[in-house]
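As C-alpha coordinates, this is what we get:
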(Lines of atoms letter the chains of each structure in order from A and count residues from 1; the text may use other names and numbers.)
(Lines give C-alpha, C1' and ligand atoms only; values in the text may rest on other atoms or scores of the structure.)
Protein backbone atom coordinates (compact mmCIF):
# COMPACT_ATOMS: atom_id res chain seq x y z
CA UNK A 1 0.00 0.00 0.00
CA UNK A 2 2.63 2.48 -1.13
CA UNK A 3 2.26 5.91 -2.61
CA UNK A 4 -0.86 7.42 -4.02
CA UNK A 5 -2.97 4.26 -4.46
CA UNK A 6 -3.12 3.93 -0.68
CA UNK A 7 -4.18 7.52 -0.31
CA UNK A 8 -6.93 7.05 -2.82
CA UNK A 9 -8.20 4.04 -0.94
CA UNK A 10 -8.12 5.43 2.57
CA UNK A 11 -7.41 9.14 2.75
CA UNK A 12 -9.81 11.54 1.04
CA UNK A 13 -12.40 13.52 2.96
CA UNK A 14 -15.90 13.93 1.53
CA UNK A 15 -16.50 17.49 0.29
CA UNK A 16 -19.93 18.82 1.20
CA UNK A 17 -20.95 22.03 -0.55
CA UNK A 18 -22.93 23.90 2.09
CA UNK A 19 -23.76 27.03 0.12
CA UNK A 20 -24.81 29.94 2.29
CA UNK A 21 -23.35 28.58 5.54
CA UNK A 22 -21.34 31.01 7.62
CA UNK A 23 -17.72 29.97 8.22
CA UNK A 24 -16.78 29.64 11.88
CA UNK A 25 -13.62 28.58 13.69
CA UNK A 26 -15.54 25.77 15.41
CA UNK A 27 -18.18 24.68 12.89
CA UNK A 28 -21.03 22.40 13.80
CA UNK A 29 -21.88 19.38 11.62
CA UNK A 30 -23.73 20.35 8.42
CA UNK A 31 -27.19 19.78 9.88
CA UNK A 32 -26.63 21.99 12.93
CA UNK A 33 -26.49 25.81 13.26
CA UNK A 34 -23.06 27.45 12.90
CA UNK A 35 -20.95 27.83 16.01
CA UNK A 36 -20.29 31.30 17.46
CA UNK A 37 -17.62 33.21 15.48
CA UNK A 38 -14.97 33.17 18.19
CA UNK A 39 -11.22 33.09 17.74
CA UNK A 40 -10.82 29.80 19.66
CA UNK A 41 -12.84 26.59 19.69
CA UNK A 42 -15.95 27.16 21.77
CA UNK A 43 -16.12 25.74 25.27
CA UNK A 44 -18.18 22.60 25.17
CA UNK A 45 -19.28 22.07 28.76
CA UNK A 46 -21.43 19.15 29.77
CA UNK A 47 -24.41 18.43 27.56
CA UNK A 48 -27.76 16.97 28.61
CA UNK A 49 -28.28 13.29 28.27
CA UNK A 50 -26.75 10.26 29.90
CA UNK A 51 -23.85 8.80 27.88
CA UNK A 52 -23.13 5.17 28.48
CA UNK A 53 -20.34 4.58 30.97
CA UNK A 54 -17.02 3.07 30.01
CA UNK A 55 -16.41 -0.55 30.80
CA UNK A 56 -15.60 -0.72 34.53
CA UNK A 57 -12.27 -1.71 36.01
CA UNK A 58 -9.08 -2.60 34.21
CA UNK A 59 -9.07 -3.35 30.50
CA UNK A 60 -10.19 -6.93 29.85
CA UNK A 61 -7.61 -9.39 28.61
CA UNK A 62 -8.31 -10.93 25.26
CA UNK A 63 -7.37 -14.39 24.04
CA UNK A 64 -3.82 -14.33 22.61
CA UNK A 65 -3.76 -15.03 18.87
CA UNK A 66 -0.18 -14.53 17.70
CA UNK A 67 2.14 -11.79 16.49
CA UNK A 68 1.74 -8.05 17.10
CA UNK A 69 0.20 -8.67 20.54
CA UNK A 70 -2.84 -10.11 18.75
CA UNK A 71 -5.88 -10.53 21.01
CA UNK A 72 -9.36 -11.88 20.37
CA UNK A 73 -12.44 -10.40 22.03
CA UNK A 74 -16.15 -11.19 22.07
CA UNK A 75 -17.08 -7.51 21.82
CA UNK A 76 -15.40 -4.57 20.00
CA UNK A 77 -15.89 -2.44 23.12
CA UNK A 78 -13.60 -4.76 25.08
CA UNK A 79 -10.89 -4.27 22.46
CA UNK A 80 -11.37 -0.49 22.60
CA UNK A 81 -10.98 -0.60 26.40
CA UNK A 82 -7.46 -2.01 25.88
CA UNK A 83 -6.61 0.95 23.64
CA UNK A 84 -8.07 3.44 26.11
CA UNK A 85 -5.92 1.95 28.88
CA UNK A 86 -3.00 3.83 27.27
CA UNK A 87 -4.67 7.07 28.42
CA UNK A 88 -4.61 8.92 25.09
CA UNK A 89 -5.00 12.68 25.05
CA UNK A 90 -5.81 12.34 21.34
CA UNK A 91 -7.39 9.21 19.89
CA UNK A 92 -7.23 9.33 16.08
CA UNK A 93 -9.46 6.72 14.45
CA UNK A 94 -8.83 5.75 10.83
CA UNK A 95 -11.00 3.64 8.53
CA UNK A 96 -11.18 2.26 5.02
CA UNK A 97 -14.08 4.08 3.39
CA UNK A 98 -16.84 1.75 2.22
CA UNK A 99 -16.80 1.18 -1.54
CA UNK A 100 -19.73 0.97 -3.93
CA UNK A 101 -21.59 -2.30 -3.66
CA UNK A 102 -20.77 -2.83 0.01
CA UNK A 103 -23.42 -5.08 1.52
CA UNK A 104 -22.49 -4.84 5.22
CA UNK A 105 -22.35 -1.99 7.71
CA UNK A 106 -19.39 0.36 7.30
CA UNK A 107 -16.69 1.18 9.84
CA UNK A 108 -18.30 4.60 10.35
CA UNK A 109 -21.66 3.06 11.18
CA UNK A 110 -20.11 0.54 13.56
CA UNK A 111 -18.02 3.19 15.28
CA UNK A 112 -21.08 5.40 15.75
CA UNK A 113 -23.27 2.62 17.09
CA UNK A 114 -20.80 0.47 19.05
CA UNK A 115 -17.73 2.47 20.05
CA UNK A 116 -18.80 6.11 20.37
CA UNK A 117 -20.92 5.36 23.48
CA UNK A 118 -17.80 4.11 25.25
CA UNK A 119 -15.98 7.35 24.44
CA UNK A 120 -18.73 9.85 25.22
CA UNK A 121 -17.87 10.43 28.87
CA UNK A 122 -14.12 10.64 28.14
CA UNK A 123 -13.95 13.04 25.16
CA UNK A 124 -14.64 16.75 24.78
CA UNK A 125 -14.53 17.08 20.99
CA UNK A 126 -14.58 15.10 17.75
CA UNK A 127 -12.86 16.34 14.59
CA UNK A 128 -14.37 14.67 11.52
CA UNK A 129 -12.64 14.39 8.15
CA UNK A 130 -15.49 16.17 6.40
CA UNK A 131 -14.76 19.35 4.44
CA UNK A 132 -17.38 22.08 4.30
CA UNK A 133 -17.39 24.57 1.44
CA UNK A 134 -19.48 27.74 1.70
CA UNK A 135 -19.43 28.70 -1.97
CA UNK A 136 -17.40 31.86 -1.46
CA UNK A 137 -14.26 30.54 -3.11
CA UNK A 138 -15.89 30.08 -6.49
CA UNK A 139 -14.18 28.06 -9.19
CA UNK A 140 -11.44 26.84 -6.86
CA UNK A 141 -14.01 24.97 -4.76
CA UNK A 142 -15.44 23.31 -7.86
CA UNK A 143 -11.99 22.25 -9.06
CA UNK A 144 -11.25 20.80 -5.64
CA UNK A 145 -14.44 18.79 -5.78
CA UNK A 146 -13.62 17.67 -9.33
CA UNK A 147 -10.17 16.51 -8.20
CA UNK A 148 -11.83 14.05 -5.83
CA UNK A 149 -14.25 12.57 -8.34
CA UNK A 150 -12.01 9.71 -9.57
CA UNK A 151 -11.77 8.60 -5.93
CA UNK A 152 -15.15 9.27 -4.38
CA UNK A 153 -17.10 7.89 -7.33
CA UNK A 154 -15.78 4.45 -6.30
CA UNK A 155 -16.98 4.91 -2.74
CA UNK A 156 -20.39 4.09 -1.30
CA UNK A 157 -22.87 6.90 -1.87
CA UNK A 158 -23.85 6.94 1.80
CA UNK A 159 -20.34 7.60 3.17
CA UNK A 160 -20.82 11.36 3.50
CA UNK A 161 -24.22 10.93 5.17
CA UNK A 162 -22.68 8.53 7.68
CA UNK A 163 -20.00 11.09 8.56
CA UNK A 164 -22.76 13.63 9.16
CA UNK A 165 -24.67 11.09 11.26
CA UNK A 166 -21.52 10.50 13.32
CA UNK A 167 -21.30 14.24 14.00
CA UNK A 168 -24.93 14.40 15.07
CA UNK A 169 -24.59 11.34 17.31
CA UNK A 170 -21.46 12.81 18.85
CA UNK A 171 -23.19 16.09 19.68
CA UNK A 172 -26.18 14.26 21.13
CA UNK A 173 -23.81 12.51 23.53
CA UNK A 174 -22.15 15.73 24.64
CA UNK A 175 -19.03 15.51 22.46
CA UNK A 176 -18.65 18.67 20.35
CA UNK A 177 -18.22 17.78 16.64
CA UNK A 178 -16.08 19.81 14.25
CA UNK A 179 -15.54 19.66 10.50
CA UNK A 180 -12.74 21.02 8.31
CA UNK A 181 -13.16 24.41 6.62
CA UNK A 182 -10.44 25.08 4.05
CA UNK A 183 -9.68 28.70 3.21
CA UNK A 184 -9.93 30.08 -0.32
CA UNK A 185 -6.13 29.92 -0.46
CA UNK A 186 -6.33 26.22 0.39
CA UNK A 187 -8.80 25.57 -2.40
CA UNK A 188 -6.74 27.64 -4.83
CA UNK A 189 -3.59 25.66 -3.99
CA UNK A 190 -5.36 22.38 -4.78
CA UNK A 191 -6.88 23.78 -7.97
CA UNK A 192 -3.51 25.17 -9.12
CA UNK A 193 -1.81 21.81 -8.55
CA UNK A 194 -3.53 20.29 -11.59
CA UNK A 195 -2.77 16.55 -11.79
CA UNK A 196 -1.11 16.79 -8.36
CA UNK A 197 -4.34 18.07 -6.82
CA UNK A 198 -5.05 14.89 -4.85
CA UNK A 199 -1.67 14.80 -3.02
CA UNK A 200 -2.01 18.52 -2.29
CA UNK A 201 -5.48 17.87 -0.87
CA UNK A 202 -4.16 15.09 1.33
CA UNK A 203 -1.57 17.49 2.73
CA UNK A 204 -4.30 20.06 3.33
CA UNK A 205 -6.50 17.59 5.23
CA UNK A 206 -3.62 16.61 7.51
CA UNK A 207 -2.64 20.23 8.15
CA UNK A 208 -6.19 21.42 8.87
CA UNK A 209 -6.82 18.52 11.23
CA UNK A 210 -3.53 19.06 13.04
CA UNK A 211 -4.31 22.75 13.48
CA UNK A 212 -7.89 22.23 14.68
CA UNK A 213 -7.02 19.46 17.13
CA UNK A 214 -4.11 21.58 18.39
CA UNK A 215 -6.43 24.52 19.11
CA UNK A 216 -8.87 22.26 20.94
CA UNK A 217 -6.05 20.83 23.05
CA UNK A 218 -4.93 24.36 23.92
CA UNK A 219 -8.45 25.31 24.93
CA UNK A 220 -8.83 22.20 27.08
CA UNK A 221 -5.52 22.94 28.80
CA UNK A 222 -6.54 26.55 29.43
CA UNK A 223 -9.83 25.40 30.98
CA UNK A 224 -8.23 22.49 32.89
CA UNK A 225 -10.48 20.06 31.03
CA UNK A 226 -9.02 16.58 31.35
CA UNK A 227 -10.84 15.17 28.33
CA UNK A 228 -9.36 13.60 25.24
CA UNK A 229 -9.92 14.80 21.69
CA UNK A 230 -11.15 12.39 19.03
CA UNK A 231 -10.35 12.54 15.31
CA UNK A 232 -12.12 10.39 12.74
CA UNK A 233 -11.19 9.91 9.08
CA UNK A 234 -9.24 7.83 6.61
CA UNK A 235 -6.61 5.34 7.79
CA UNK A 236 -3.46 7.11 6.72
CA UNK A 237 -3.80 10.66 8.04
CA UNK A 238 -3.63 9.26 11.58
CA UNK A 239 -0.41 7.27 11.10
CA UNK A 240 2.02 7.53 14.03
CA UNK A 241 4.86 6.44 11.73
CA UNK A 242 3.96 7.35 8.11
CA UNK A 243 5.64 5.40 5.37
CA UNK A 244 8.40 7.10 3.41
CA UNK A 245 7.03 9.71 1.04
CA UNK A 246 3.72 10.01 2.85
CA UNK A 247 4.86 12.09 5.81
CA UNK A 248 3.03 15.28 4.69
CA UNK A 249 -0.26 13.36 4.59
CA UNK A 250 -0.28 12.42 8.28
CA UNK A 251 -0.91 14.53 11.37
CA UNK A 252 0.14 11.67 13.67
CA UNK A 253 3.77 12.66 14.37
CA UNK A 254 2.85 16.30 15.01
CA UNK A 255 0.04 15.49 17.44
CA UNK A 256 2.11 12.84 19.18
CA UNK A 257 4.73 15.53 19.81
CA UNK A 258 2.09 18.07 20.92
CA UNK A 259 0.73 15.63 23.49
CA UNK A 260 4.06 14.42 24.80
CA UNK A 261 3.42 10.94 23.42
CA UNK A 262 -0.21 10.74 24.59
CA UNK A 263 -1.49 10.21 21.06
CA UNK A 264 -2.93 6.89 19.88
CA UNK A 265 -3.64 5.75 16.34
CA UNK A 266 -6.53 3.30 16.03
CA UNK A 267 -7.45 1.85 12.64
CA UNK A 268 -10.81 0.08 12.45
CA UNK A 269 -11.69 -2.24 9.59
CA UNK A 270 -14.63 -4.32 8.41
CA UNK A 271 -13.39 -7.83 7.54
CA UNK A 272 -15.60 -8.10 4.46
CA UNK A 273 -13.77 -5.06 3.01
CA UNK A 274 -10.31 -6.64 3.34
CA UNK A 275 -9.12 -7.95 -0.02
CA UNK A 276 -6.13 -9.82 -1.42
CA UNK A 277 -4.47 -6.80 -2.93
CA UNK A 278 -1.24 -4.85 -2.58
CA UNK A 279 -3.17 -2.11 -0.81
CA UNK A 280 -4.15 -4.42 2.04
CA UNK A 281 -1.01 -6.57 2.04
CA UNK A 282 1.08 -3.53 3.00
CA UNK A 283 -0.52 -3.41 6.46
CA UNK A 284 1.75 -5.08 9.04
CA UNK A 285 -1.13 -7.08 10.50
CA UNK A 286 -2.31 -8.50 7.15
CA UNK A 287 -0.25 -11.75 7.15
CA UNK A 288 -1.35 -12.43 10.73
CA UNK A 289 -5.09 -12.04 10.20
CA UNK A 290 -6.95 -15.23 9.23
CA UNK A 291 -10.60 -14.58 8.51
CA UNK A 292 -11.42 -18.30 8.61
CA UNK A 293 -10.26 -18.76 12.19
CA UNK A 294 -10.62 -15.22 13.58
CA UNK A 295 -13.60 -13.86 11.68
CA UNK A 296 -16.21 -14.56 14.34
CA UNK A 297 -14.33 -12.46 16.95
CA UNK A 298 -13.10 -8.91 17.28
CA UNK A 299 -9.34 -8.86 16.62
CA UNK A 300 -6.94 -6.28 18.07
CA UNK A 301 -3.35 -5.88 16.87
CA UNK A 302 -0.72 -3.59 18.36
CA UNK A 303 1.19 -2.51 15.27
CA UNK A 304 3.62 -0.15 16.96
CA UNK A 305 4.11 2.26 19.82
CA UNK A 306 0.77 4.04 20.24
CA UNK A 307 -0.72 2.28 17.21
CA UNK A 308 -3.50 -0.31 17.06
CA UNK A 309 -5.72 -2.02 14.50
CA UNK A 310 -9.18 -3.29 15.41
CA UNK A 311 -10.95 -5.65 13.00
CA UNK A 312 -14.64 -6.14 13.62
CA UNK A 313 -16.20 -9.61 13.52
CA UNK A 314 -17.83 -10.82 10.34
CA UNK A 315 -21.42 -9.76 9.88
CA UNK A 316 -23.87 -12.45 10.92
CA UNK A 317 -26.23 -13.31 8.11
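Residue numbers (our numbering): 489 to 805. Positions of the beta carbon are idealized from the N, C-alpha and C atoms, including for glycine.
{"Check": "Quick test of the definition: if touching needs 3 or more C-beta pairs under 8 Å, does the stretch 794-801 touch the stretch 759-779?", "Outcome": "yes"}
{"Check": "At which residue ranges does the stretch 593-673 contain complete alpha helix (DSSP H) runs of 4 or more residues, listed in the order of the chain?", "Outcome": "595-598, 604-607, 627-640, 647-660"}
{"Check": "Could you give the distance in angstroms between the alpha-carbon of residue 686 and the alpha-carbon of residue 618?", "Outcome": "15 Å"}
{"Check": "In the DSSP assignment, find the unbroken alpha helix (DSSP H) run with residue 709 in it and report its ends.", "Outcome": "685-710"}
{"Check": "Once DSSP output is grouped into helix, strand and coil, what is the label at residue 676?", "Outcome": "helix"}
{"Check": "So, does the stretch 739-748 touch the stretch 573-580, judging by three or more C-beta pairs under 8 Å?", "Outcome": "yes"}
{"Check": "Residues in its own chain within less than 8 Å of residue 692 by CB, not counting five upstream and five downstream?", "Outcome": "670, 674, 677, 678"}
{"Check": "Along the beta strand (DSSP E) that carries residue 580, what are the first and last residues, could you check?", "Outcome": "578-583"}
{"Check": "In chain order, what residues of the same chain have a beta carbon less than 8 Å from the beta carbon of residue 562, not counting five sequence neighbours either side?", "Outcome": "785, 786"}
{"Check": "Starting from the Cα of residue 584, find the closest Cα among 724, 781, 791, 680 and give me that residue.", "Outcome": "724"}
{"Check": "Note the first and the last residue of the continuous alpha helix (DSSP H) segment covering residue 746.", "Outcome": "740-746"}
{"Check": "Tell me which same chain residues have a C-beta within less than 6 Å of the C-beta of residue 772, skipping the five on either side of it?", "Outcome": "791"}
{"Check": "Would you identify the three-state DSSP class for residue 796, choosing helix, strand or coil?", "Outcome": "strand"}
{"Check": "In the structure shown, what three-state DSSP assignment does residue 564 receive?", "Outcome": "helix"}
{"Check": "Would residue 554 pass as a contact of residue 776 if the rule is Cβ separation under 8 Å?", "Outcome": "yes"}
{"Check": "Tell me the rounded alpha-carbon separation between residue 704 and residue 721.", "Outcome": "17 Å"}
{"Check": "To which residues does DSSP link residue 755 through a beta bridge?", "Outcome": "582, 797"}
{"Check": "Quick test of your reading: residue 603 and residue 564, contact by CB under 8 Å. State the CB separation rounded to the nearest angstrom.", "Outcome": "6 Å"}
{"Check": "Taking DSSP's pairing of strands, which residues face residue 790 in a bridge?", "Outcome": "796"}
{"Check": "Run through DSSP, which three-state label would residue 724 get?", "Outcome": "coil"}
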